[in-house]
Amino acid sequence: MMRRGQNPAKFVDRVRKPERITVAVITYAPFLGGYYAQTLQVLEACLQSIRVTTKVPYDLLVFDNGSCEEVQSYLMREKSPGWIQYLILSDKNLGKAGAWNLIFSAAPGDIIVYSDSDVIFLEGWLERSLEILETFPRVGMVTARPFRTPPALSSHTIAWGERTEGVTLRHGQLIPREVLAEMDLGLGQSEEEGRRRYERSEDVLLTLSGVSAFAGASHWQFSAPKEVLKSFLPFHVEAPMGNVRQLDRAVNEAGYLRLMVTDPLVRHAGNCLTGPERRSFESPRRRLRDLPLLRRSLLYVHDRIFRLYH
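This is the structure:
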């Protein structure tokens, strides 16, 4: 055996450095039917919203957690023109925590922005998240919208605000009810459930150096220093969606702050798009496909094929 010529890579005198921020998204759709019928549409909207609203330089990492061929083919097409910098395709579902074990180790940025694939991003979401991350000390998570989270998961944040000079705290019904109702809708919760929870809970607003943030954060979307996230690895994996709050608990118990921006700068879409949000992100081809008569016909054919093979 012999070598012919020299590897051209030897003559490259520089490499492209990764961006300071890695935006990481986990996807999962085993098939496109039933609950998952619009999952690919929601994923497209998620990635497009990141692309059009994020002005700060970033790299996009997508971890597909064992999705069907249609979803993985779409992701490959998105990577080809450079919309996705890092794409990991798993042949099985490792669970969210299992995917975190890989993502938090592999992401090259100093700051990791994590998101489920059913989140829609609005203008200013990253700038506001970074402002909080860089103003408050020892921040573990920043979520880009306010909503009600269990106080026990932010006990350190609240205690820190109460004892720290220069920090002002406000308690009360501070997040507008319509902002919380929008979040409830994305989580599939009823208006009555949301109203009862609203009446028996409150918000805590912290202000430091002119920057305000609500106490709380969540595992479905957050920005965090990579070194903080790595300190919690490995996460225990019980089931695909099991124990997803272990990160929330770990951040609080380790003495890091869990904070949220004061305005709703991300939307939790759930498993379908509705209203103007749907019109903003779907393509003309998809709008044609979703015309009622054509959609019923296509779904009937899909159902017959699925039954035939499965």
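Okay, so the sequence shown: first residue is 22 according to the working numbering, each after it adds one. Where a beta carbon is used, it is the ideal one built from N, C-alpha and C, also for glycine.
Taking the alpha-carbon positions, what's the residue i to residue j distance?
i: Arg-25; j: Ile-105; result: 34 angstroms
i: Leu-195; j: Pro-167; result: 10 angstroms
i: Ala-275; j: Glu-99; result: 38 angstroms
i: His-177; j: Thr-185; result: 12 angstroms
i: Ser-154; j: Leu-115; result: Note that residue 154 is Leu in the sequence shown, not Ser. Leu-154 and Leu-115: Cα-Cα distance of roughly 29 angstroms.
i: Arg-159; j: Leu-280; result: 11 angstroms
i: Gly-54; j: Arg-221; result: 38 angstroms
i: His-192; j: Leu-226; result: 7 angstroms
i: Leu-110; j: Arg-266; result: 24 angstroms
i: Pro-39; j: Gly-130; result: 7 angstroms
i: Met-97; j: Val-83; result: 10 angstroms
i: Gln-69; j: Ser-175; result: 32 angstroms
i: Gly-161; j: Ile-47; result: 20 angstroms
i: Lys-251; j: His-289; result: 26 angstroms
i: Ala-332; j: Tyr-277; result: As displayed, the chain neither begins before 22 nor continues past 331, which places residue 332 out of reach and without an answer.
i: Ala-202; j: Glu-248; result: 34 angstroms
i: Phe-63; j: Ser-230; result: The identity of residue 63 in the sequence shown is Val, whereas the question assumes Phe. Their Cα atoms are separated by approximately 38 angstroms.
i: Val-163; j: Trp-181; result: 16 angstroms
i: Val-232; j: Val-282; result: 10 angstroms
i: Ala-335; j: Glu-90; result: Since the first and last residues shown for the chain are 22 and 331, residue 335 lies out of range.
i: Arg-217; j: Val-73; result: 36 angstroms
i: Asp-284; j: Leu-190; result: 17 angstroms
i: Phe-52; j: Ala-120; result: 19 angstroms
i: Tyr-95; j: Ile-179; result: 43 angstroms
i: Gly-145; j: Lys-113; result: 35 angstroms
i: Arg-37; j: Glu-183; result: 45 angstroms
i: Gly-103; j: Leu-123; result: 22 angstroms
i: Leu-268; j: Ser-101; result: 33 angstroms
i: Leu-108; j: Leu-61; result: 16 angstroms
i: Ser-211; j: Tyr-56; result: 18 angstroms
Relative to the C-alpha of residue i, which residue among the options is closest?
i: Glu-337; options: Trp-121, Arg-198 and Leu-96; result: The first residue shown for the chain is 22 and the last is 331, placing residue 337 beyond what the model contains.
i: Val-200; options: Asp-139, Thr-43 and Tyr-219; result: Tyr-219
i: Ser-138; options: His-257, His-240 and Leu-278; result: His-240
i: Asp-224; options: Val-272, Pro-172, Thr-48 and Pro-246; result: Pro-172
i: Ile-133; options: Ala-234, Lys-251 and Val-44; result: Val-44
i: Thr-228; options: Arg-72, Gly-187 and Gly-119; result: Gly-187
i: Tyr-135; options: Arg-217, Phe-125 and Glu-144; result: Phe-125
i: Asn-273; options: Gly-145, Val-282 and Ala-238; result: Ala-238
i: Ala-236; options: Thr-170, Ser-244 and Arg-217; result: Thr-170
i: Asp-205; options: Glu-144, Lys-113, Asp-269 and Gly-291; result: Gly-291
i: Leu-143; options: Ser-101, Thr-75, Ile-179 and Asp-112; result: Thr-75
i: Ile-141; options: Ile-71, Gly-103 and Pro-78; result: Ile-71
i: Arg-77; options: Ile-42, Ser-211, Tyr-107 and Leu-268; result: Rather than Arg, the amino acid found at residue 77 in this sequence is Val. Per the Cα distances, Ile-42.
Name the DSSP beta bridge partners of residue i, please?
i: Ser-244; result: Val-134 and Val-163
i: Ala-275; result: According to DSSP, which records beta bridges pairwise, Ala-275 is partnered with nothing at all.
i: Leu-280; result: Val-163 and Ala-236
i: Arg-288; result: Ile-141
i: Val-92; result: According to DSSP, Val-92 bridges with nothing at all.
i: Val-44; result: Leu-81 and Val-134
i: Val-225; result: His-192
i: Leu-110; result: Asp-85
Using 8 angstroms for Cβ pairs, my map puts residue i next to residue j. What's the rounded Cβ distance?
i: Ala-127; j: Gln-242; result: With a Cβ gap of about 19 angstroms, Ala-127 and Gln-242 do not count as contacting.
i: Asp-80; j: Gln-93; result: Their Cβ separation, rounded to whole angstroms, is 20 angstroms, which puts Asp-80 and Gln-93 out of contact at 8 angstroms.
i: Leu-294; j: Ala-66; result: 6 angstroms
i: Ser-88; j: Ala-118; result: The Cβ separation is near 18 angstroms, so there is no contact.
i: Ala-234; j: Phe-157; result: 7 angstroms
I'd like to know whether the C-beta of residue i is nearer than 8 angstroms to at least one C-beta of chain D.
i: Arg-149; result: In the displayed structure, chain D is absent; only one protein chain is listed.
On the three-pair Cβ rule with 8 angstroms, is the region 253 to 260 touching the region 144 to 154? No: fewer than three Cβ pairs fall under 8 angstroms.
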